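Worksheet for the structure shown next.
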Amino acid sequence: MLAKGHLSGRYQPGHTFDADDERSEFASFTRDGMKRVIEVTSKLALWSQDHGRDMIQLAIAWALAQSSITSPIVGAKSVEQVIHNAKAVDWKLSDSDLAEIDDILGGIVVDR
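According to this note's numbering, the sequence shown holds residues 1 to 112 in order.
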């Protein structure tokens, strides 16, 4: 749901993963891949802030707006996170919103 952590905002350029962490094998977590992803996620963070939300809520709302996604699976480690995540359900992204997000994404694909 959060693109292996990219959308959480916790990874910065130069972040490394242990050899046994699957992300160490993904192109989006290499130095160059991370740079591109961070450029995009920074823009998405600003976009979501301009709309009074954060990246996690944006990711959930975006997933809910995709006809190919029948049921986003969102994890949480606390009651507060559940409440925070649930607030994304009432955020209905318009066609214009989705077009703006697609423009920001610029065709980027994050490894699965």
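Ideal placement from N, C-alpha and C gives every residue a C-beta, glycine not left out. Since this is a predicted model, take the numbers as computed values, not measurements.
Between Val89 and Leu64 the beta-carbon gap is near 7 Å, inside 8 Å, which marks them as a contact.
Per the C-alpha coordinates, the member of Val74, Gly75, Gln66, Ser42 positioned closest to Lys92 is Gln66. In this chain, the alpha helix (DSSP H) harbouring Ser96 covers 95-105. With fewer than 16 neighbouring CB atoms inside 10 Å of its own CB, Val79 falls in the exposed class.
Cβ atoms of Val37 and Ile104 stay farther apart than 8 Å, at about 12 Å.
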